[in-house]
Each structure stands twice: as structure tokens, then as C-alpha cells.
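In mature numbering (1 follows the signal peptide of the UniProt record, and there is no 0), the protein residues as written are -20 to -1, 1 to 214. Even for Gly, the Cβ is constructed at its ideal location relative to N, Cα and C. This report refers to the structure that appears directly beneath it.
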Amino acid sequence: MFTKALVVVLCVFLAKEADANPVSVQTEKYLRQHLFEDYDKLVRPVTSSRHVVPVSVQITPLALRSVDFDSNILKLDTWLTVQWHDEYLHWDPTEFGGQENLILPASEVWKPDIAVYTATHDSASLPHVETNVLIHSNGDVLWVPPFTIENKCPTLNSHEIRQECDISMLSWTYDITQLDLNIGNATSLEYFIDDEPRWHLNSITPLRENKLFSCCKEFYPTIHFKVVLTDKNV
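So this is what it looks like as C-alpha cells:
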């Protein structure tokens, strides 16, 4: 009888300890449930309409697929690095087994509607590849999808030994009072495969501009990536 009573008391004690120390039972599943219980991916991730979502973009070139002088289109394979802050996706790692990040499909979270303003019609919007996002405990979100950019380059001239093309990115709908677009880390050519027969990718230089359109009174932050090609045969 004494042993049975001791077991009951011990079970009650352990149950209370588990409630008082959720670290011992929390997993990625519980963290996801905690974060997404009332999450709405269709609206900006801000706790006040006055807050601005900070977003940064960077392109990492992988290969120059083609330079079409007939249609003035440059096709570039890249990794697109997009980072932003989500005010709802944050947590205290000590309450969830020390987990400092969470990896989920990109379709599960709000994403900035960054578009390539200078691209051909079919490739203007961000990639729809089902890659994952990395969510940090402080609410920072990282998304790095592969993205082939088909960009219009009006100044292409096959008789020139140097070509320049502007790849411009901005939010399709959010102005500067809602989304602040900035340049990410410096563009790296580390992963670039230089196998285009004639043209060498010399550099990609980003520049930020607050652009004003005739339709609207607000500015739209725009990132221009200046692409410079040089002729390998010269």
C-alpha cells in the first residue's frame, strides 16, 4: 500500500516538473504549433500597421545561360537571397529545448512580393520553387531559392566588346511605408561557372534607389544590379 501511494506521489511530482520545465518536452513540432496557432501568411508580419518590414535581396550568379542580341534578353542562373524580419515568428530558445532556428517550407510563411521589374513578362515574379526557409528565434527569416532571371537589356550590341545590363528588383505592391528594400551582402562570383562561349561575367554591382512612379505618390525602394559582360575574344 505504501509503495502504491509513493508511486502516485512520484507521478504527480514528475507531471508538475514537466509543466514547470517545458524544455524537457518541447520539440520542433510543438514550436511550430506555438508559432503558427494564429499566424496569417497573407498579410504583412507586423504587430502594428505603422511598422515597416525590412527586407534585403542579393543575387549570387551561377551561370550565364545566354545573351540574345536579337531579342535583347540576358538569361542568368542565380541563387536569390532574400531576408526579412517577421514580428510574429520569434521565441525564447530556452523554452523549446534550446532550438534557435526552425526550417519550414517557404509556402508556410509570408514572403515579400519582390519582382524583377526589368524581366520578361513570364519571369518577373519571384521563383515558385518549393524550397525551405530558415527562421531564427529573433524573427529573422532567410530564403535562398534558385532563380533563372530572363532580363530585358535594351543596350545590348553584338558589335561592342563590353555589355551592360540593369536587373531591377522592387516590391510589386508595397511602398516604402510598408516595406523597406535594401541591398544584402556583397555579390560573390565564387560559385559562378564561366562557360558561356563568348561573354565573361565581369561584375554585378548593386545600387539602391527610391523610385517614384506616375501612378502613386509614395516611393518604392528599388535595387538595381548592374551586370557587366566583357568579350572573351578580345
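Taking HIS14 as the reference, which of THR100, ALA99, ASP72, CYS196 has the closest Cα? ASP72
Give the straight-line distance between the Cα atoms of LEU44 and HIS180, rounded to the nearest whole angstrom. 8 Å
Nearest by alpha-carbon distance to GLN143: which of SER194, VAL89, TYR200, ASN52 is it? ASN52
In this structure, how does DSSP classify TYR19 when only helix, strand and coil are distinguished? coil
Taking the Cβ atom as the reference point for each residue, do HIS116 and GLU80 lie within a distance shorter than 8 Å? yes
Cβ distance (whole Å) where ASN131 is taken to contact LEU209 below 8 Å: Between LEU209 and ASN131 the Cβ distance is about 12 Å, and since that is not below 8 Å, they are no contact.
So, helix, strand or coil for ARG24, using DSSP? coil
Nearest neighbour of THR40, chosen from VAL23, ALA166, SER29 [CA to CA]: ALA166
Inter-residue Cα distance where the pair is SER4 and GLY77: Residue confidence is low: SER4 scores 39 on pLDDT, short of 50, so the model does not pin down where it sits. No coordinate-derived value is stated.
Which ranges would you report for the beta strand (DSSP E) in the stretch 45 to 98 if only whole runs of at least 3 residues count? 53 to 65, 81 to 85, 94 to 96
Measure the C-alpha to C-alpha separation of ASP211 and ILE141 and round it to an integer number of angstroms. 5 Å
8 Å contact criterion, which ASN190 and PRO201 should meet: CB distance rounded: 6 Å
Within 10 angstroms of the Cβ of PRO2, are there 16 or more other Cβ atoms? Answer buried if so, exposed if not. Here the model assigns PRO2 a pLDDT of 45, short of 50, so the residue's position is not dependable and the matter cannot be decided.
Between TRP90 and TYR97, what straight-line distance do the alpha-carbon atoms span, to the nearest angstrom? 21 Å
For the beta strand (DSSP E) that residue 238 lies in, which residues bound it at each end? As shown, the chain starts at -20 and ends at 214. That puts residue 238 outside it, with no answer to give.
Among ASN118, GLU110, GLU17, LEU11, which has the Cα closest to the Cα of VAL124? GLU110
Go through its chain and collect everything with a Cβ distance to ASP160's Cβ below 8 Å, but skip five positions before and after it. VAL32, VAL33, PRO34, VAL35, PRO201
Quick one, are the C-beta atoms of SER148 and HIS204 less than 8 Å apart? yes
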